[in-house]
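Trainee: The working numbering puts the first residue of the sequence shown at 85, with every later residue one more than the last. Positions of the beta carbon are idealized from the N, C-alpha and C atoms, including for glycine. Here the structure is a predicted model, which means the values were calculated and not measured.
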Amino acid sequence: MRFPGSVRLRSPLLLFFIAVFIYNLNGRTLGGGDSLPARYLPFSIIKEFNFDFDEFSFLYEPEVPGFLQKRNGHIISTYPPWAAVLAVPVYLVPVLGGLSPMSPLVPLLEKLAATLITALSIMVFYS
Numbered sequence: 085m086r087f088p089g090s091v092r093l094r095s096p097l098l099l100f101f102i103a104v105f106i107y108n109l110n111g112r113t114l115g116g117g118d119s120l121p122a123r124y125l126p127f128s129i130i131k132e133f134n135f136d137f138d139e140f141s142f143l144y145e146p147e148v149p150g151f152l153q154k155r156n157g158h159i160i161s162t163y164p165p166w167a168a169v170l171a172v173p174v175y176l177v178p179v180l181g182g183l184s185p186m187s188p189l190v191p192l193l194e195k196l197a198a199t200l201i202t203a204l205s206i207m208v209f210y211s
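1) Could you tell me which whole beta strand (DSSP E) segments of length 3 or greater appear in the region 105-171?
2) Among residues of its own chain, excluding the 5 on either side of L213, which ones have a beta-carbon nearer than 8 angstroms to its beta-carbon?
3) To the nearest angstrom, how far is the alpha carbon of F209 from that of L196?
4) Spatial neighbours of T202 within its chain, please: CB distance less than 7 angstroms, with the 5 preceding and 5 following residues excluded, ordered by chain position.
5) Is the Cβ-Cβ distance between N134 and S128 less than 7 angstroms?
6) Helix, strand or coil, according to DSSP, for L204 in the structure here?
7) Using only CA atoms, which one of V179, L98, E139 and T199 lies nearest to N110?
8) Rounding to the nearest angstrom, what Cα-Cα distance links L170 and G150 in this structure?
9) Give me, in chain order, the residues of the same chain whose beta-carbon lies closer than 7 angstroms to that of K131; leave out the 5 immediate sequence neighbours on both sides.
10) Would you please state the rounded distance, in angstroms, between the beta carbons of F101 and I206? I believe it to be under 8 angstroms.
11) Anyone know if the C-beta pair for Y124 and P185 falls short of 7 angstroms?
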C-alpha cells in the first residue's frame, strides 16, 4: 500500500520538530572541551576561509589546552572539523552580520546548530 507524498513527508517532518523541541528543553548549552572548537571554527571558516584558531588567542593563552594543538605555526583543533563545517550555514548570517566570537549569543548559536544537525540526521535516518 502506498501513501501520498504529503503523508510520507509528514512523519519525518514531525519527528524533526519533536527532536528540536526535546533538544531544547533544558534551555542551556551543555559543552566540554570537544565542543569549543566546533563553537568557534565556523567563525574562522566564514571570515578567514581557514581551519585554524590563530585569531582566538583567548582560547589558548597563556597555554594551549588539550582540545587545541600547535602545528606548523598554527593553532588547530585536536578534534575533526566536521561538526563545525556542518554548522557553517547556521553561523553564516550572524557572523557576516558582525557577531563577535566573544558575544554571549555564541553558545546559543552553537546549540541551535547542534540541534538542527541532530534533528536533520534523525529525520534522514527515519525516512
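Mentor: Taking the structure as given:
1) 152-155 and 158-161
2) Outside the modelled stretch of the chain, which goes from 85 to 211, sits residue 213, for which no answer is possible.
3) Position 125 of the sequence shown, counted from the start, is the residue given in the question as residue 209. Position 112 of the sequence shown, counted from the start, is the residue given in the question as residue 196. Answer to the nearest angstrom: the Cα atoms are 20 angstroms apart.
4) Numbered from its first residue, the sequence shown carries residue 202 at position 118. If we look at T202 and ignore the five residues flanking it on each side, its Cβ neighbours are A103 and Y107.
5) The sequence position of residue 134 within the sequence shown is 50, counting from 1. The sequence position of residue 128 within the sequence shown is 44, counting from 1. Taking 7 angstroms as the Cβ cut-off, N134 and S128 qualify as a contacting pair.
6) For the purposes of this step, residue 204 is identified with residue 120 of the sequence shown, where counting begins at 1. The DSSP-derived three-state label of L204 is helix.
7) To locate residue 110, count along the sequence shown from 1; it is residue 26. Out of V179, L98, E139 and T199, T199 has the C-alpha closest to the C-alpha of N110.
8) Translated into positions along the sequence shown, residue 170 becomes position 86. Translated into positions along the sequence shown, residue 150 becomes position 66. If you take the alpha carbons of L170 and G150, they lie about 23 angstroms apart.
9) Counting from 1 along the sequence shown, the entry for residue 131 is found at position 47. Closer than 7 angstroms at Cβ, skipping near neighbours: V179.
10) Numbered from its first residue, the sequence shown carries residue 101 at position 17. Numbered from its first residue, the sequence shown carries residue 206 at position 122. Not confirmed; about 11 angstroms, so no contact.
11) Here residue 124 refers to the residue found at position 40 of the sequence shown. Here residue 185 refers to the residue found at position 101 of the sequence shown. Cβ distance < 7 angstroms, so Y124 and P185 count as in contact.
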